[in-house]
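Following: one structure in structure tokens, then a few remarks.
Numbering (our numbering), first residue to last: 7 to 71.
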């Protein structure tokens with residue numbers, strides 16, 4: 007699994023999102039990271055979403071629609 011195999015499918019700009027709700031926050035961006043081969047293996051073995059505890063912040067969710 008090389009570093010170049012990881013993808014960034016989305017970047018979420020929370021400053022822009024929160025501004026829509028009249029909230030002024032510092033610049034915060036969340037980068038979604040995906041390794042398609044690794045995620046495919048995990049999702050093939052599990053029918054449900056996978057979440058770890060708050061300190062790990064890992065969420066893998068299969069969008070079925």
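Think of the CB as a built atom: it goes at the ideal place given N, C-alpha and C, for glycine as much as any other residue. Keep in mind that this is a model prediction, so the values were computed, not measured.
Best match in the options for proximity to residue i [C-alpha to C-alpha]
{"i": "residue 22", "options": "33, 49, 50", "result": "33"}
{"i": "residue 37", "options": "10, 50, 18", "result": "18"}
{"i": "residue 35", "options": "28, 20, 15", "result": "20"}
{"i": "residue 13", "options": "39, 30, 29", "result": "39"}
DSSP-derived helix/strand/coil call for residue i
{"i": "residue 28", "result": "coil"}
{"i": "residue 44", "result": "helix"}
{"i": "residue 18", "result": "strand"}
{"i": "residue 71", "result": "Any answer about residue 71 is weak, because its pLDDT of 40 lies below 50 and its placement is not dependable; what the coordinates show is given next. Reduced to three states, the DSSP call for residue 71 is coil."}
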